[in-house]
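K.L.:
For reference, the structure I am asking about is given below.
Numbering (the numbering used here), first residue to last: 1 to 371.
Right under this line is the structure:
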C-alpha cells in the first residue's frame, strides 16, 4: 500500500509542478504582475519593506517558475530526494500561506497558479495547495528510502539541462510573446464581444412538496404555495455571466471616452505601459512603421498609462507622429506582454500582435487586414 502511495505522490506532485511551471513559463510577465500584486498587499499589511521586492518581481517570478518545473522533474526521477523534498516542502508551505492569505482576507482574487490558462478562486487555490502538502509530506517523510530512477550523473545532466532550457524558454517568451496566448485579447477574438457576458443568468430553485416532503429542483419558480415550499436558489452558470473583459476603457487627457472609437475600422495600437520603462532599441522600426502607414486605411493610435506630460515628451524625443490616449496600466499589460507592443484591430477583432522585437513592416500589417 505504501508503495502505491509512493508512486502516486511521485507522479501527482511531479506532473502538477511541471504543468503549473510550464503554463507560467509560457508567460513570465503574467507571473510578474501577480508577484507585484502580492508585494503591494504585503507592503500595505506588513510594511513598506516589501516594496523593495516589487522592482525584482520579474526575476523572482522567473526563478520560482523554473524551480517549479525542475522540482517536478526531480521528483519524477527520485533525484536527490533528501534535498528535493525539503525544497518542495518549503515552496509549498510558502504557496499555501499565499493562497490562504489571499482567500481569507480577499486580497488577491486570482493567485495565477496556472497563469491565464486555468482560473481558480482563492479558496480553490488554497485547497489545491493543501492537497499537495499532504502528498509532499508523504514524500518528505519517506525521502531517505527512495532510490534514484537514473544514475547520479544522468540525473545531474537532466536536471541541469532542464534548468537551462527553462530559463531559455522564459527569456524567449520575454523577448517575444507567449507561445500560447490564453488572454481575452488574443488574435482572433472580438473585443466588444469579450466585453459582453456569454450567457444571461440561469437559476435552479429547490422546493419541497408539502404532502410528501420530496425535494424538487426546477429552473422556474413554482409559485403555488399550497403545493410547494421554497427551500433555496442557486445560479447554475455563474462562470458564464461575467464578461471576460470588464476594465477596458480609453480616455483622452480631458476625460473624453474614446473606447468605442478603437473598435471602428482598422486600428494599429501602439501599447506603452510606462514610457519611463519602455524599451527604445526598436523605436526606429516602430517610427518607420507609423510613417509607412500614413495615408493608408490604418489609423495608428498610442495607448499609455503614463501621464500626458511624460508621453508628450517621449513622443517628441522619438518623433512618433501619433495621437495618444490613456488606459489603465494593468489593462495594457494584459493586452500585450511588451512595452512597447503592437496590436492590430479590425472593427474590434484582433488581427495581429507583435512584440517590439518583432515589429512588422507596413506590408505585413496590411496583409493581415487583407488589404
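A virtual CB, placed ideally from N, CA and C, is assigned to each residue, including glycine.
Does the distance from the CB of residue 75 to the CB of residue 13 come in under 7 Å?
P.N.:
For the purposes of this step, residue 75 is taken as the residue at position 75 of the chain shown. For the purposes of this step, residue 13 is taken as the residue at position 13 of the chain shown. For residue 75 and residue 13, yes; Cβs fall inside 7 Å.
K.L.:
Taking the continuous beta strand (DSSP E) assigned at residue 266, which residues delimit it?
P.N.:
Mapped onto the chain shown, residue 266 falls at position 266. Taken as a continuous stretch (DSSP letters only), the beta strand (DSSP E) holding residue 266 covers 266-272.
K.L.:
So is residue 199 buried or exposed if we call it buried at 16+ other beta carbons inside 10 Å?
P.N.:
One-based indexing of the chain shown puts residue 199 at position 199. Classification of residue 199: exposed, given that the 10 Å Cβ count is below 16.
K.L.:
Closest to residue 294 by CA distance: which of 370, 273 and 268 is it?
P.N.:
Along the chain shown, one-based indexing puts residue 294 at 294. Out of 370, 273 and 268, 268 has the C-alpha closest to the C-alpha of residue 294.
K.L.:
Give every residue of the same chain whose Cβ lies closer than 7 Å to the Cβ of residue 229, excluding the five residues on either side of it in the sequence, and list them in chain order.
P.N.:
Working through the chain shown from its first residue, we reach residue 229 at position 229. Closer than 7 Å at the Cβ level, and outside the excluded window around residue 229, lie 207, 208 and 210.
K.L.:
Alpha carbon to alpha carbon, what distance is there between residue 221 and residue 58?
P.N.:
Counting from one through the chain shown, the residue named residue 58 turns up at place 58. Counting from one through the chain shown, the residue named residue 221 turns up at place 221. Roughly 51 Å between the two C-alpha positions.
K.L.:
Sort 301, 279 and 11 by Cα distance to residue 138 and report the nearest one.
P.N.:
One-based indexing of the chain shown puts residue 138 at position 138. Taking only the C-alpha atoms, the option nearest residue 138 is 11.
K.L.:
Between which two residues does the alpha helix (DSSP H) holding residue 180 run?
P.N.:
The residue labelled residue 180 in the question sits at position 180 within the chain shown. It is not in any alpha helix (DSSP H) - residue 180 carries neither H nor E in the DSSP assignment.
K.L.:
Given this structure, state the Cα-to-Cα distance separating residue 273 from residue 305, to the nearest angstrom.
P.N.:
As a working mapping, residue 273 is identified with position 273 in the chain shown. As a working mapping, residue 305 is identified with position 305 in the chain shown. Roughly 5 Å separates the two Cα atoms.
K.L.:
Name the two residues that bound the continuous beta strand (DSSP E) containing residue 219.
P.N.:
Mapped onto the chain shown, residue 219 falls at position 219. Segment: none, residue 219 is in no beta strand (DSSP E) and carries neither H nor E.
K.L.:
Identify, in the order they occur along the chain, each residue of the same chain with its Cβ nearer than 7 Å to the Cβ of residue 333, setting aside the five sequence neighbours on each side.
P.N.:
Locating residue 333 in the chain shown gives position 333, counting from the first residue. Within the same chain, residue 333 has close Cβ partners 29, 33 and 273.
K.L.:
Measuring alpha carbon to alpha carbon, tell me which residue in 244, 174, 126 and 77 is nearest residue 147.
P.N.:
In the chain shown, residue 147 corresponds to position 147, counting from 1. The shortest C-alpha separation from residue 147 is found at 77.
K.L.:
Return the CA-CA distance between residue 237 and residue 73, expressed in angstroms with no decimal places.
P.N.:
The residue you call residue 237 lines up with position 237 of the chain shown. The residue you call residue 73 lines up with position 73 of the chain shown. Approximately 38 Å, taken between the alpha carbons.
K.L.:
Which word fits residue 308, buried or exposed, when buried means at least 16 other C-beta atoms lie within 10 angstroms of its C-beta?
P.N.:
On the chain shown, residue 308 is found 308 positions in, with the first residue counted as 1. So residue 308 counts as exposed.
K.L.:
What span of residues does the beta strand (DSSP E) with residue 149 cover, start to end?
P.N.:
Numbered from its first residue, the chain shown carries residue 149 at position 149. Careful: residue 149 lies outside any beta strand (DSSP E) and carries neither H nor E.
K.L.:
When the Cα of residue 281 is compared with those of 16, 356, 24 and 196, which residue comes out closest?
P.N.:
The residue given as residue 281 occupies position 281 in the chain shown. Taking only the C-alpha atoms, the option nearest residue 281 is 356.
K.L.:
Just checking my contact of residue 27 with residue 122 at CB under 8 Å: how many whole Å lie between their CB atoms?
P.N.:
To locate residue 27, count along the chain shown from 1; it is residue 27. To locate residue 122, count along the chain shown from 1; it is residue 122. In fact, because the Cβ distance is near 20 Å, the residues do not count as touching under 8 Å.
K.L.:
Could you pull out every residue in the same chain whose Cβ sits closer than 7 Å to the Cβ of residue 358, ignoring the five residues on either side in sequence?
P.N.:
For this step, residue 358 is matched to residue 358 along the chain shown. The residues are 176.
K.L.:
Taking C-beta to C-beta, are residue 335 and residue 354 nearer than 7 Å?
P.N.:
Numbered from its first residue, the chain shown carries residue 335 at position 335. Numbered from its first residue, the chain shown carries residue 354 at position 354. Their beta carbons are not under 7 Å apart, which means residue 335 does not touch residue 354 by this criterion.
K.L.:
Please go through the stretch 281-340 and give each complete alpha helix (DSSP H) segment of 4 or more residues, from N-terminal end onward.
P.N.:
Whole alpha helix (DSSP H) segments, 4+ residues: 283-292, 308-317 and 329-335.
K.L.:
Distance check for residue 316 and residue 17, CA to CA, integer angstroms please.
P.N.:
Here residue 17 refers to the residue found at position 17 of the chain shown. Here residue 316 refers to the residue found at position 316 of the chain shown. Roughly 47 Å between the two C-alpha positions.
K.L.:
With a threshold of 8 Å, are at least 3 pairs of Cβ atoms found where one atom belongs to the stretch 123-133 and the other to the stretch 49-58?
P.N.:
At 8 Å Cβ cutoff, the stretches do not touch.
K.L.:
Where do the ends of the alpha helix (DSSP H) carrying residue 14 lie?
P.N.:
Within the chain shown, numbered from 1, the residue matching residue 14 stands at position 14. Residue 14 -> alpha helix (DSSP H) spans 2-25.
K.L.:
Can you give me the C-alpha to C-alpha distance between residue 218 and residue 231, rounded to a whole angstrom?
P.N.:
The residue you call residue 218 lines up with position 218 of the chain shown. The residue you call residue 231 lines up with position 231 of the chain shown. Computed Cα separation, rounded: 11 Å.
K.L.:
Please state whether DSSP places residue 119 in a helix, a strand or coil.
P.N.:
Along the chain shown, one-based indexing puts residue 119 at 119. Residue state, collapsed to three classes: coil.
K.L.:
What do you get for residue 320, buried or exposed, if any count of 16 or more other CB atoms within 10 angstroms of its CB means buried?
P.N.:
Taking the first residue of the chain shown as position 1, residue 320 is located at position 320. The residue in question, residue 320, is buried, as its Cβ has 16 or more Cβ neighbours within 10 Å.
K.L.:
Leaving out five residues before and five after residue 192 in sequence, what residues of the same chain have Cβ atoms less than 6 Å from its Cβ?
P.N.:
Working through the chain shown from its first residue, we reach residue 192 at position 192. Taken in chain order, the residues that qualify are 263 and 348.
K.L.:
Once DSSP output is grouped into helix, strand and coil, what is the label at residue 225?
P.N.:
Along the chain shown, one-based indexing puts residue 225 at 225. In this structure, residue 225 counts as coil in the three-state DSSP scheme.
K.L.:
Give the C-beta separation of residue 289 and residue 363 to the nearest angstrom, bearing in mind that I take them to be a contact with Cβ-Cβ under 8 Å.
P.N.:
Residue numbering aside, residue 289 sits at position 289 when the chain shown is read from its first letter. Residue numbering aside, residue 363 sits at position 363 when the chain shown is read from its first letter. Incorrect: roughly 10 Å between the Cβ atoms, too far for contact.
K.L.:
Using DSSP's beta-bridge definition, name the partner residues of residue 193.
P.N.:
Here residue 193 is taken as the residue at index 193 of the chain shown, counted from 1. According to DSSP, which records beta bridges pairwise, residue 193 is partnered with nothing at all.
K.L.:
Pop quiz: residue 187 and residue 351 are said to be a contact at Cβ under 8 Å. What is the actual Cβ separation, rounded to whole angstroms?
P.N.:
Residue 187 sits at position 187 when you count from the first residue of the chain shown. Residue 351 sits at position 351 when you count from the first residue of the chain shown. About 7 Å; that satisfies the 8 Å criterion.
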